[in-house]
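Peer 1: Structure below; questions to follow.
Numbering (the working numbering), first residue to last: 17 to 198.
Shown next, in the form of structure tokens:
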């Protein structure tokens with residue numbers, strides 16, 4: 017449900033705390049006016065009052081307790097905040113790695129045993145392995161940037177990098193072979 021002024025009302029939001037398996041589920045249930053909202057966080061309703069909001073910080077009351085949050089980094093894929101003096105980084109799209117990993121092989125079984133293919137078009141931001149490296153399933157082979165998001169492309173199996181088919185800064189298309197893994 018969207019109400020024009022508060023476009024997030026009724027939309028589920030899911031964040032993953034970086035370097036943990038913990039997900040944070042939230043939803044803005046309703047606006048009660050005067051910068052006050054009812055949130056549902058991890059299934060529990062909470063009261064939120066926004067005191068001030070600028071480009072680099074938010075002061076707010078959550079269940080009548082004062083908090084201050086400063087933005088350190090806010091990209092399409094992740095956000096780093098300092099909340100009451102504690103630095104936290106959240107992945108704003110926690111399911112993206114699973115989606116990319118699931119589709120990182122090829123359609124044919126024989127080909128997917130060797131070739132790691134890109135399921136998205138993008139630009140190569142970094143290459144994390146070289147020919148001859150031993151890798152495990154899930155290791156990051158490279159990072160692609162697509163639509164201002166950085167996506168880690170992970171190995172689909174244990175093995176040795178036989179060859180790399182990409183260069184840093186180059187563009188790749190969907191289904192391009194990125195690496196051969198034996």
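Beta carbons are placed, not taken as given, at the ideal position from N, Cα and C, and that holds for glycine.
Output the distance between the C-alpha atoms of residue 58 and residue 142, rounded to the nearest integer angstrom.
Peer 2: 35 Å
Peer 1: Is residue 136 helix, strand or coil by DSSP?
Peer 2: If DSSP states are grouped into helix, strand and coil, residue 136 belongs with coil.
Peer 1: Could you please give me the residues that DSSP links to residue 67 through a beta bridge?
Peer 2: Answer is none; residue 67 lacks a bridge partner.
Peer 1: List the whole-angstrom C-beta distance separating residue 68 from residue 75, where the pair is believed to meet the contact cut-off of C-beta under 8 Å.
Peer 2: 5 Å
Peer 1: With distance defined between alpha-carbon atoms, name the residue in 56, 137, 42 nearest to residue 162.
Peer 2: 137
Peer 1: Touching or not, the stretch 146-155 and the stretch 170-181, by the rule of three or more beta carbon pairs under 8 Å?
Peer 2: yes
Peer 1: Hey, could you find the ends of the beta strand (DSSP E) residue 200 is sitting in?
Peer 2: The structure shown does not extend to residue 200, since the chain is modelled only from 17 to 198, so the question has no answer here.
Peer 1: Quick check on this structure: which residue in 56, 78, 178 has the alpha carbon closest to the alpha carbon of residue 41?
Peer 2: 56
Peer 1: Based on Cα-Cα distance, which residue from 196, 95, 64, 77 lies nearest to residue 133?
Peer 2: 196
Peer 1: Compare the Cα-Cα distances from residue 84 to each of 71, 94, 98 and report the closest residue.
Peer 2: Ranking the options by Cα distance to residue 84, first place goes to 98.
Peer 1: Excluding the 5 residues preceding and the 5 following residue 159 in the sequence, name in chain order all residues of the same chain whose CB lies nearer than 6 Å to its CB.
Peer 2: Cβ-Cβ distances below 6 Å link residue 159 to 141, 142, 166, 168 in the same chain, with the five nearest sequence neighbours on each side left out; the list follows chain order.
Peer 1: To the nearest angstrom, report how far apart residue 66 and residue 130 are at their CA atoms.
Peer 2: 53 Å
Peer 1: Can you check which of these residues, 135, 81, 70, is closest to residue 194 by C-alpha distance?
Peer 2: Per the Cα distances, 135.
Peer 1: How big is the Cα-Cα spacing for residue 157 and residue 44?
Peer 2: Approximately 37 Å between the Cα atoms of the pair.
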